[in-house]
Each structure stands twice: as C-alpha cells, then as structure tokens.
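For the sequence shown, UniProt numbering gives the first residue as 1, with consecutive numbering after it. Only one structure is covered here, and it is reproduced in the block below.
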Amino acid sequence: MATTMAIVSKAADAAGTLFLLLIAVAAPLFDFQVVLPRHLYPAPLVGVYQWFAAEFDRYLIADPPPFFRGFVWLALAFLWPVCVANLYGILARRRWVATTSLMAGVFMLTYLSAMFGEMLGSGRAKPKLVWFYVPFVVIAVALVLRGLCSSLQAPAAAVSSVETSARKKRV
C-alpha cells in the first residue's frame, strides 16, 4: 500500500510540476489579459492570446462574461500564488506540499466543474475546446490524490518517529 501511494505521489509530482510551471508562467502573461486592458501588454503577447482564443474557439476569453472575469480574478488571487508555492515545495521537497497540492487540485476541480457546466450546458463549446480541458481535470485529480496520499502517509511517519524517539530515551 505504501509503495502504491509513493508511486501515485511521484507521478502526481511529475505531472503537477509541469502543470504548476505552466500556471506560474501563463497566469501573469495570459490570464490577466482577461481582466486588464490589453493595451498594457506587448503586441506579441496579445497576438498569442488572440490566436489561442481563435484556435480553440475559447469563446469565454474572446468575450468574457462577468462571471468568468470573477473566476479569473479568483484564480489569479488564489490559485496562482498556491501554484507558485507548490512548485517551490515540490522542487525543494517541503513537507507542506501535500497541503498545497490538495488546495490547488480542489480549486482546479471546482473551477473546471463550473467551466464544464458552462461549456456543455450552453452548447457553444466545440469538442476541441472540451478536450483541451480534459488534461487539466486529470492533473487536478492527480494533485488531490497526491495531497491525500501524502496525508495518509504522514500519520504513519509521525508514529514511527515517536516510537524511534521513545526507544532512544530508554537507552
């Protein structure tokens, strides 16, 4: 059981690291274009943003409704800093990364469930757009599993360290 959790944790770390790196870079470069005036950005970045919206028919970023702007502000205020912290935590092998992985994964699943509700409920999303978001769901689930698996391992490690310290005191 412990080796399975370790494998899930390592796989989630690998997928999560790539995802977190993407969010850490893309959020300030592209997501802010949803909520801030585009003239604040260099023309090449605006061009990439517009190409991306057209290529995947991302109708929500082409003409963002107010609820989507709120989602983006929430993601920039909460998810982006958590992703940056989580990226650091994974690379520096910090113990608290299980908590931030769980936070990022749950946030992403919540965010994506609303996005899928809009895309599928409105009937405006083309299959290419829906399939674009599927890997994000998989990574969000992996981050949640990583957080849960690590939290399940923590009590066993804590008991082990208590037993070890108790043995040392007896000697």
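C-beta: ideal position from N, C-alpha, C; glycine also.
9 Å Cβ cutoff met for residue i and residue j
i    : j    : result
A142 : L76  : no
F67  : V34  : no
G16  : R95  : no
F71  : Y133 : no
V144 : L109 : yes
A104 : L20  : yes
F32  : Y41  : yes
Run of the alpha helix (DSSP H) containing residue i, from where it starts to where it stops
i    : result
W80  : 80–92
P66  : 66–74
A62  : 59–62
P44  : 43–55
F116 : 97–122
F30  : F30 -> no alpha helix (DSSP H), and no H or E assigned at all.
Identity of the residue in the options nearest residue i by Cα
i    : options               : result
V137 : R38, A114, K126, T3   : A114
D63  : D13, L36, A14         : L36
K18  : T99, V106, I90        : Correcting the residue type first, residue 18 is Leu in the shown sequence and not Lys. The shortest C-alpha separation from L18 is found at I90.
S150 : R124, K126, R93, A125 : R93
K126 : R38, L60, T3, A6      : L60
D13  : G47, T99, H39         : T99
Whole-angstrom C-beta distance between residue j and residue i, which should lie under 8 Å
i    : j    : result
V84  : A24  : 5 Å
L29  : L45  : 6 Å
L102 : L148 : 7 Å
Is it the case that the region 71–81 contacts the region 117–125, given that we only count it when at least three CB pairs across the two stretches are under 8 Å? In short, these stretches do not touch, since the Cβ pair count stays below three.
Kindly confirm or deny that the region 124–139 and the region 51–64 touch, where touching means at least three C-beta pairs closer than 8 Å. Taking 8 Å as the limit for Cβ pairs, the verdict is that the region 51–64 does touch the region 124–139.
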